[in-house]
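Residue numbers (UniProt numbering), protein chains in the order written: chain F, 1 to 412; chain P, 1 to 412.
Glycine included, C-beta positions come from ideal geometry on N, C-alpha and C.
Computed from a predicted structure; not experimentally measured.
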């Protein structure tokens, strides 16, 4: 029979970071979780814990890692973790995290994205201990009668009272009927997975609670739900999301992650530190206090944050390199992971800049050159149209503005 | 190739009694119907016309006969009529006709009711020419993905703008999510039946229009919709419905139908005359004018109406008998179709009255006797508790108030 750590030890780890809108829900959920942990210790049965992830892109970003790290804690305490990929829910899109309807996705696209998702999730989860499942397996099999039975436990008013829908309703923006189905699906997932605990962001509370409603209606014991704060995106305000474009992908190059973190608005330091780093609450509180008193420069704090985050996903060594590169880049030298462009014949500079993706168009290249914003091997380029780059068997460094670099390499 | 009557002749018959909330819809539908009729004449292809009926009870009532008579007209003009039984929609219930959610029904109950329904529909429709279909055939097969695709063409706001839902929403009464599914189902029926025309009550306009929306979304030509006024029930205000209890069943005894019609509120005379009788508009207008001027007693008008309605469903002869019986009943004699109670042993009068269903309880029987409202063979009964009715091989007439009669027959 497996041995689980003492109840209080598990509670301290699992409840860390939990956030609810009201104290009553917190009190109830805390009591229910404690009871389940006690029962699990007595029976030797691990708890079944899940979190769903809709594969709307093939890449996980830092926002996904918040629940993933909590799942990892459950794993380390000996419980069973189900990484549920929303291959069916992803085809509708969750309206929770945004104020407008999302485009529907095909099952094939969802399955394609699911592959990259799973691989990346294993950077946080224990590969040997993670159950991976796909909700199209049961949601795709549900018939109209089944959908009706799920829907009959909810009123339209309950949906309209949710923040995201009530805001859109007040603004007179269309709410498509199928957007109401998302919560039903998540609730049905909980039934089919027969879960003890479901975790998610605070904006998921309604969907998680729908699982409790439906489980009760089926005579099942309702799952415990635990919600966690939302990680903001690089804009510093909206939820991090690929579709908003404010994301930091965990598979992005170390230099890219480093730069994005350093460029975050200062006020996001605490949110990122608490949700993404391995730092203790005391360390974080200390740094925030130092920033408030002026002892610690926000820029220095964010460099430390950037190094920590790169280190989590790419290791200590690459984090060091990214920090050094950032300094070089700031001084005008190309970072070690700047993109390369292989040149096999003479090329007009405008064409080269456009073809390599350094600029969006030849027009933009011409304008930047005229403004003196383009450097070739450290020298400002003044005559854009006539300058030719000749293959020379070596490497030229092309720089646009302060941060955009290209290594031009001859293939001869 | 079948020959269809001239377009104008068909239009005059089919548009009679059509009612829309706004003139624009009427103009559009009239133009579309004319075009379909022209095409039908040119190609020799009959139009496909349908109306759905939810088998919420095993009996049709006068309200059902309004669209049935319109379907009959389509049949007589040579078109194909589909009598669609809502064996699936009936399991949810249409929220259109009422201001609260309906209890869900099982498919078995729906199929049971469908049998009686079909038989009774043939009193109005041409049995040889009517296609009977059941919508559980396709709605029961639809999967969650299919439901989502249907729902994605409608907004929550469109539903909330409907009278019945907006009233309930304003009153703070719960609207269950699955109630919104009804319109999707009707729309899907139209797709699967590939209809030219759907007919229904004016309160069905939203559901019928949902069919147009979904057909257009599928690249199909949207069906023509024709709506007709709603027949009120015996209360004179609410839609006639078995669940409200204000219905007149077409399978009820002639005397019962006759009495229910004579007891209708006076103001319903025109609604019933226009929607249920075979009378011409001129005849009806004439009678209404005579009632207004005092030349025609409302009671006499309603007796004529009652005779006409009984005659439609039970024939001329039984209508005559019902009229005679009504007069006798008014004078205190038992009508020929008064219920019988077979008595095989001595019975206390209070028990007899209660067991036969003449009153709801022995308490009520006792109270009525004390008030002098009970007669046995024409004599007022004064001593309720002690009086015994003895089997005598003959028949005793028991009368409560003016209209309730029971023939007590000895079985010896």
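query = Alpha carbon to alpha carbon, how far is residue 171 (chain F) from residue 160 (chain P)?
reply = Position 171 of the first chain, counting from 1, holds the residue named residue 171 (chain F). Position 160 of the second chain, counting from 1, holds the residue named residue 160 (chain P). Between residue 171 (chain F) and residue 160 (chain P), the alpha-carbon positions lie close to 15 Å from each other.
query = Where do the ends of the alpha helix (DSSP H) carrying residue 180 (chain P) lie?
reply = The sequence position of residue 180 (chain P) within the second chain is 180, counting from 1. Residue 180 (chain P) -> no alpha helix (DSSP H), and no H or E assigned at all.
ask   = Under 9 Å, do residue 397 (chain P) and residue 408 (chain P) count as touching if we go by C-beta distance?
value = Indexing the second chain from 1 puts residue 397 (chain P) at position 397. Indexing the second chain from 1 puts residue 408 (chain P) at position 408. Yes, these two residues count as a Cβ contact at 9 Å.
inquiry  = Counting only C-beta atoms, is residue 99 (chain P) closer than 9 Å to chain F at any point?
reply    = As a position in the second chain, residue 99 (chain P) is number 99, starting the count at 1. Residue confidence for residue 99 (chain P) is low, a pLDDT of 44 falling below 50, so the modelled location carries little weight and cannot support an answer.
message = Quick check on residue 139 (chain P): buried or exposed, where buried means 16 or more other Cβ atoms within 10 Å of its Cβ?
response = For the purposes of this step, residue 139 (chain P) is taken as residue 139 along the second chain, with counting starting at 1. Residue 139 (chain P) is buried by the Cβ-count criterion.
ask   = Where does residue 98 (chain F) sit, in a helix, a strand or coil, going by DSSP?
value = In the first chain, residue 98 (chain F) corresponds to position 98, counting from 1. Bear in mind that a pLDDT of 46 at residue 98 (chain F), under 50, signals an unreliable position, so the model cannot answer this.
task = Could you tell me whether the Cβ atoms of residue 82 (chain F) and residue 130 (chain F) are closer together than 9 Å?
result = By one-based count along the first chain, residue 82 (chain F) stands at place 82. By one-based count along the first chain, residue 130 (chain F) stands at place 130. In this structure, residue 82 (chain F) sits near residue 130 (chain F), with a CB-CB distance shorter than 9 Å.
query = If residue 310 (chain P) sits next to residue 229 (chain P), beta carbons under 8 Å apart, how far is it from one beta carbon to the other, in whole angstroms?
reply = Your numbering for residue 310 (chain P) matches position 310 in the second chain. Your numbering for residue 229 (chain P) matches position 229 in the second chain. Taking the Cβ atoms as the reference, residue 310 (chain P) lies roughly 22 Å from residue 229 (chain P), outside the contact range of under 8 Å.
key: Other residues of its chain near residue 192 (chain F): CB distance less than 6 Å, five sequence neighbours each side excluded   = By 1-based counting over the first chain, the position of residue 192 (chain F) is 192. Counting only Cβ-Cβ distances below 6 Å, and skipping sequence neighbours, we find 138.
message = Tell me the rounded alpha-carbon separation between residue 400 (chain P) and residue 368 (chain P).
response = To locate residue 400 (chain P), count along the second chain from 1; it is residue 400. To locate residue 368 (chain P), count along the second chain from 1; it is residue 368. In a straight line, the C-alpha of residue 400 (chain P) is about 8 Å away from that of residue 368 (chain P).
query = In this structure, does DSSP put residue 195 (chain F) in helix, strand or coil?
reply = As a working note, residue 195 (chain F) is residue 195 in the first chain. Of the three classes helix, strand and coil, the one that applies to residue 195 (chain F) here is coil, per DSSP.
Straight-line Cα distance separating residue 151 (chain P) from residue 177 (chain F) = Translated into positions along the first chain, residue 177 (chain F) becomes position 177. Translated into positions along the second chain, residue 151 (chain P) becomes position 151. Looking at the two C-alpha atoms, the distance is approximately 5 Å.
request  = Please list the partners that residue 143 (chain P) has in chain F, where partner means a Cβ-to-Cβ separation under 8 Å.
outcome  = On the second chain, position 143 is the one that residue 143 (chain P) refers to. Residues of chain F whose Cβ lies closer than 8 Å to the Cβ of residue 143 (chain P) are, in chain order, 140, 141, 142, 143 and 144.
inquiry  = Out of F:5, F:345 and F:61, which one is the CA nearest neighbour of residue 244 (chain F)?
reply    = What you label residue 244 (chain F) is simply residue 244 of the first chain in a count that begins at 1. Nearest to residue 244 (chain F) by alpha-carbon distance, out of F:5, F:345 and F:61, is F:61.
task = Could you please give the first and the last residue of the uninterrupted alpha helix (DSSP H) stretch that includes residue 107 (chain P)?
result = Here the question's residue 107 (chain P) lines up with position 107 in the second chain. Element bounds for residue 107 (chain P): 107–121.
inquiry  = Please report the straight-line C-alpha distance between residue 306 (chain P) and residue 184 (chain F), rounded to a whole angstrom.
reply    = Taking the second chain and counting its residues from 1, the one referred to as residue 306 (chain P) is at position 306. Taking the first chain and counting its residues from 1, the one referred to as residue 184 (chain F) is at position 184. Put simply, the backbone Cα of residue 306 (chain P) is about 51 Å away from that of residue 184 (chain F).
Runs of alpha helix (DSSP H) wholly within the segment 282–317 of chain F (minimum 4 residues, chain order) = Counting whole runs of 4 or more residues, the segment 282–317 of chain F contains the alpha helix (DSSP H) stretches 298–314.
inquiry  = Using a 10 Å radius around the Cβ and a threshold of 16 neighbouring Cβ atoms, would you call residue 55 (chain P) buried or exposed?
reply    = In the second chain, residue 55 (chain P) corresponds to position 55, counting from 1. Result: buried.
key: DSSP-derived helix/strand/coil call for residue 396 (chain P)   = Position 396 of the second chain, counted from the first residue, corresponds to residue 396 (chain P). Strand.
inquiry  = Run through chain P and tell me which residues come within less than 9 Å of residue 176 (chain F), C-beta to C-beta.
reply    = Walking along the first chain from the start, residue 176 (chain F) turns up at place 176. Chain P residues near residue 176 (chain F): 151, 152, 153, 154, 155 and 156.
request  = Quick one: which unbroken alpha helix (DSSP H) runs of 4-plus residues sit fully inside the segment 236–267 of chain F? Chain order, please.
outcome  = DSSP runs (the alpha helix (DSSP H)) wholly in the segment 236–267 of chain F: 254–262.
task = Consult DSSP for residue 324 (chain P) and reduce its assignment to one of helix, strand or coil.
result = On the second chain, residue 324 (chain P) is found 324 positions in, with the first residue counted as 1. Helix.
task = Answer with buried or exposed for residue 289 (chain P), where buried requires no fewer than 16 other C-beta atoms within 10 angstroms of its C-beta.
result = Indexing the second chain from 1 puts residue 289 (chain P) at position 289. Burial call: exposed.
query = From residue 203 (chain F) to residue 146 (chain P), what distance separates their C-alpha atoms?
reply = Counted from its first residue, the first chain places residue 203 (chain F) at position 203. Counted from its first residue, the second chain places residue 146 (chain P) at position 146. When rounded, the separation of the alpha-carbon atoms in residue 203 (chain F) and residue 146 (chain P) is 28 Å.
task = Could you list which residues in chain F have their beta carbon closer than 7 Å to that of residue 148 (chain P), in chain order?
result = Here residue 148 (chain P) refers to the residue found at position 148 of the second chain. For residue 148 (chain P), the C-beta contacts it makes with chain F under 7 Å involve 92, 178 and 181, in order along the chain.
query = Taking C-beta to C-beta, are residue 7 (chain P) and residue 41 (chain P) nearer than 9 Å?
reply = Taking the second chain and counting its residues from 1, the one referred to as residue 7 (chain P) is at position 7. Taking the second chain and counting its residues from 1, the one referred to as residue 41 (chain P) is at position 41. Yes, the Cβ-Cβ distance between residue 7 (chain P) and residue 41 (chain P) is below 9 Å.
ask   = Can a CB atom of chain P be found closer than 9 Å to the CB of residue 192 (chain F)?
value = The residue you call residue 192 (chain F) lines up with position 192 of the first chain. It does not; no Cβ of chain P falls within 9 Å.
ask   = Shortest alpha-carbon distance to residue 270 (chain P) belongs to which of P:356, P:144 and P:286?
value = Within the second chain, residue 270 (chain P) is the residue found at index 270, counting from 1. Of the candidates P:356, P:144 and P:286, the one whose C-alpha sits nearest the C-alpha of residue 270 (chain P) is P:286.
inquiry  = Please classify residue 68 (chain F) as buried or exposed, where buried requires at least 16 other C-beta atoms within 10 Å of its C-beta.
reply    = For the purposes of this step, residue 68 (chain F) is taken as residue 68 along the first chain, with counting starting at 1. Buried, by the Cβ-count rule.
message = If I measure Cβ to Cβ from residue 217 (chain F) and keep anything under 8 Å in the same chain, skipping five residues before and after, which residues do I get?
response = Along the first chain, one-based indexing puts residue 217 (chain F) at 217. Same-chain partners within the cutoff: 153.
task = Indicate whether at least one CB of chain F lies closer than 9 Å to the CB of residue 206 (chain P).
result = Taking the second chain and counting its residues from 1, one reaches residue 206 (chain P) at position 206. Contact of residue 206 (chain P) with chain F is not assigned, every C-beta pair being separated by 9 Å or more.
message = So that I know if they touch, is there some Cβ in chain F lying closer than 9 Å to that of residue 84 (chain P)?
response = Counting from one through the second chain, the residue named residue 84 (chain P) turns up at place 84. Closer than 9 Å to the CB of residue 84 (chain P) there is not a single CB belonging to chain F.
message = Pop quiz: residue 50 (chain P) and residue 157 (chain P) are said to be a contact at Cβ under 8 Å. What is the actual Cβ separation, rounded to whole angstroms?
response = The sequence position of residue 50 (chain P) within the second chain is 50, counting from 1. The sequence position of residue 157 (chain P) within the second chain is 157, counting from 1. Not a contact, Cβ separation roughly 29 Å.
task = Count the other CB atoms, across all protein chains shown, that sit within 10 Å of the CB of residue 10 (chain F); report buried if there are 16 or more and exposed otherwise.
result = In the first chain, the residue the question calls residue 10 (chain F) occupies position 10. Buried: at least 16 other Cβ atoms inside 10 Å.
ask   = Any beta-carbon of chain P closer than 9 Å to the one on residue 172 (chain F)?
value = Here residue 172 (chain F) refers to the residue found at position 172 of the first chain. Yes, its Cβ sits closer than 9 Å to a Cβ of chain P.
key: Contact under 9 Å by Cβ, residue 35 (chain P) with residue 73 (chain P)   = Within the second chain, numbered from 1, the residue matching residue 35 (chain P) stands at position 35. Within the second chain, numbered from 1, the residue matching residue 73 (chain P) stands at position 73. No, Cβ-Cβ distance for residue 35 (chain P) and residue 73 (chain P) is not below 9 Å.
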